[in-house]
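Same order as they appear, the protein sequences are chains H and A.
Following the numbering used here, the numbering of the first sequence begins with 297 at its first residue and continues without gaps.
Following the numbering used here, the numbering of the second sequence begins with 742 at its first residue and continues without gaps.
I have placed the structure first, in the form of structure tokens, so that the comments after it can refer back to it.
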Amino acid sequence: MIKLLIKKLKRGIWTYRQPLSSKPRSLIEPVSDLFVWRKSDIWQTYFDLYDIGSFYSKEISKKKVSAKIIFFNRVGIKIKECKIDIEPNQKKCIEISSFIKKIDGDFGTFAIFHSNVPDNFIEQKSYLTERGFVSYKLNRSVLRHYVHGNFDAISISNNSSYLLGTSSLLKREYRLQSNLTNDDKYEFLLINYTHDHQKVTFSFVDTDTNKEIKSEHFSMNTNGCCLCKFETKGNEKIRLVISSKLVMARPFVFRYGQKKIFFDVFHG
Amino acid sequence: MYIFYPILRAPNCHGYTTVHNYAPNNWEIKKNYIKNINITWSDGSIWKTKQIGVLGINKSFVINERDLDFLPKNALALSSLSVNKLPAESSVLPEDIDIDMQTNLPEWRGTIGLKSSLGGNTSFQGEAYSFPSNGSLLSFSPFMQYGEHLTNYLLFLSIEKSPIFRNTKLFFLKANGSKIEAEVLVTSNHINIIKLDDLGYHRNDMMVLMTENIVGIPLFMTSYKKGIELSLEHTHPPASFAIHGNRWALHKELKNIWAKRLSLIKLDN
């Protein structure tokens, strides 16, 4: 009994009032991930948009619906918003990067808020959430390379977005369970979905010696993001540890093959 | 729940899975152990397991599909980590009772990928569990890509506790359609590889996958020129369209809506 209590208390330090995602203010307010956009001479970003609400309609819905997209730059400042009409039960692949100007930088975040929140969500006291699929092209690649969303990060009320992430009481580690190896190059993109400014450390640890070989520090504004680059040499095997007060510092990972030319994207 | 890390197969590619013996965070698990690396597969009547190595603390190990020459052809290979030795043969999917890999933020994951000899290489961080044998599937997919030399595949991965190979129909619909575009026989405890390009889908069509009595993970792979480029991703389970509240009741409601739609379509046919 006492052992169980101690175990609960120990876990409580990490979980009490530290949800991954808070509840939005109202049941009619939709939720979105903060997806990452990249735009440059070599990057294009896409999003497959479809109306989630119309899947919940008992008859095949004909009602025209829309989604609002809000763009933020890397320091978390809103740079643009737009409304996209969607045909129910169809998808529309949007080139997200076409909305971004050169002055806005080469990476940042965006959120997608659906206008159609069906009554069944409200009846079940649930919130409709857009968790993705974003895709990227690099160097005019033929395929779009897909990755799904990570977080229920942000909601919207009366045209004004607000974040749902909370900060941890204690600093915690996110250990990416992926081997960094084979001469590959990596870019790790992390978002700040909390109301607090966040300091983040990326530590690269040699798995043979268990010693840190490199670390980099970043700070992120609320709504903002940071990008950390790393390159492996030869057959060294490295693992990444991210320390921060984010409840879950799960990064988007962009991987580039050097021995064989390829590009891959996934989340932690 | 005991975690498995499948080793994928796909046309013109070979699968690899990297298993990791370190926790994904520093607060959910306080102890770690040296672990056995296992490969488990079904022959249709029994689960078989072979230990292929031992993994030290803080180490990772890459399992290549090509190296598993002891597997029967087309067998679904499930890798796993265990503190205790798993039985060589069992009538239900084996599990390690003492394993301490239960994390939530995030789950204890492996790197599951495909690469081709032409250079393409794609992966995701994932894990898999056995599904109940009385469940059904509903999945919405936007992943089809169109263009010259592009090929789209569904890799439908099904794992059940029983080693028996069960067959059932996987129905392909369009979200705005009123007919079944295709029905394909799929088998439990397999990676079912289905080419999607000739099923009649177009650029704006939202693909809907349904089964009545089998659950699986739908993975979508697109390949350019037989593997020069590869893209791989899985669909979200429809329950993840909602957060908080009674999201499982909502999920059930959604499945009922689509089950009714499917049964009406079948009656029409």
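Each residue gets a CB set at the ideal place from its N, CA and C atoms; glycine is no exception.
Tell me, please, whether the CB atom of residue 436 of chain H is closer than 8 angstroms to any CB atom in chain A?
no
May I have the straight-line CA-CA distance separating residue 378 of chain H from residue 451 of chain H, to the nearest angstrom?
16 angstroms
DSSP beta-bridge partners of residue 380 of chain H
Per DSSP, H:363.
Applying a beta-carbon distance threshold of less than 7 angstroms, which residues of chain H neighbour residue 864 of chain A?
560, 562
Any residues in the region 892-923 of chain A with a beta carbon nearer than 9 angstroms to a beta carbon of chain B? Which ones, in chain order?
Among the protein chains of the structure shown, namely H and A, there is no chain B.
DSSP three-state assignment for residue 981 of chain A, whether helix, strand or coil
helix
Counterpart residues of residue 428 of chain H in DSSP-defined beta bridges
Residue pairing by DSSP places residue 428 of chain H in no beta bridge whatsoever.
Is it buried or exposed for residue 751 of chain A, if we count other Cβ within 10 angstroms and need 16 for buried?
buried
Report the three-state DSSP secondary structure of residue 897 of chain A (helix, strand or coil).
Residue state, collapsed to three classes: strand.
Give the residues of chain H in contact with residue 782 of chain A, contact being defined as C-beta atoms less than 8 angstroms apart.
In chain order: nothing, as chain H lies at least about 23 angstroms away.
Quick one: list the residues of chain A neighbouring residue 540 of chain H, beta-carbon separation under 8 angstroms, in chain order.
Within 8 angstroms Cβ-Cβ: nothing; residue 540 of chain H doesn't reach chain A, min ~11 angstroms.
CB contact below 8 angstroms: residue 750 of chain A versus chain H
It does not; no Cβ of chain H falls within 8 angstroms.
Beta carbon proximity, residue 850 of chain A to chain H, threshold 8 angstroms
yes
Got a sec: which bits of the region 451-478 of chain H sit with their beta carbon under 7 angstroms from any beta carbon on chain A, in order along the chain?
468, 469, 470, 471, 473, 474, 475
In chain A, what lies closer than 8 angstroms to residue 423 of chain H by C-beta?
983, 984, 985, 986
Segment contact, 8 angstroms Cβ cut-off, at least three pairs: the region 772-786 of chain A with the region 795-807 of chain A
yes
Against chain A, does residue 302 of chain H count as a neighbour if the rule is that its beta carbon must be under 8 angstroms from one of theirs?
no
Just checking: is the beta-carbon of residue 1006 of chain A within a distance shorter than 8 angstroms of some beta-carbon in chain H?
no
Out of A:757, A:758, A:831, A:761, which has the shortest C-alpha to C-alpha gap to residue 787 of chain A?
A:831
Contacts that residue 557 of chain H makes with chain A (C-beta to C-beta distance below 7 angstroms)
860
Any idea which residues DSSP pairs residue 748 of chain A with across the strands?
A:818
Any beta carbon of chain A sitting closer than 8 angstroms to that of residue 317 of chain H?
Residue-level contact by beta carbon holds for residue 317 of chain H and chain A, with a gap shorter than 8 angstroms.
Can you find a C-beta in chain H that's less than 8 angstroms from the C-beta of residue 945 of chain A?
yes
List the residues that DSSP assigns as beta-bridge partners of residue 483 of chain H.
H:525, H:550
Distance, residue 353 of chain H Cα to residue 414 of chain H Cα
8 angstroms
C-alpha distance - residue 337 of chain H paired with residue 925 of chain A, whole-angstrom precision:
43 angstroms
Mark residue 946 of chain A as exposed unless 16 or more other C-beta atoms lie within 10 angstroms of its C-beta, in which case mark it buried.
buried
By a C-beta neighbour count over all protein chains shown, 10 Å radius and 16 as the cutoff for buried, is residue 823 of chain A buried or exposed?
buried
Using DSSP's beta-bridge definition, name the partner residues of residue 870 of chain A.
Assignment of beta-bridge partners to residue 870 of chain A by DSSP yields no partner.
If you measure from the beta carbon of residue 400 of chain H to each beta carbon in chain A, is any gap under 8 angstroms?
no
Run of the alpha helix (DSSP H) containing residue 834 of chain A, from where it starts to where it stops:
Unbroken run through residue 834 of chain A: none, as it is neither H nor E.
N- and C-terminal bounds of the beta strand (DSSP E) containing residue 466 of chain H
463-471
Measure from the C-beta of residue 801 of chain A to each C-beta in chain H and report whether the shortest distance is under 8 angstroms.
Any Cβ of chain H closer than 8 angstroms to the Cβ of residue 801 of chain A would place that residue at the interface, and such an atom is present.
Could you pull the start and end residues of the alpha helix (DSSP H) that residue 960 of chain A belongs to?
Looking at the DSSP string, residue 960 of chain A is not in any alpha helix (DSSP H); the run it does join, the beta strand (DSSP E), is 958-965.
Apply the 10 Å Cβ neighbour rule to residue 887 of chain A and answer buried if 16 or more other Cβ atoms are within range, or exposed otherwise.
exposed
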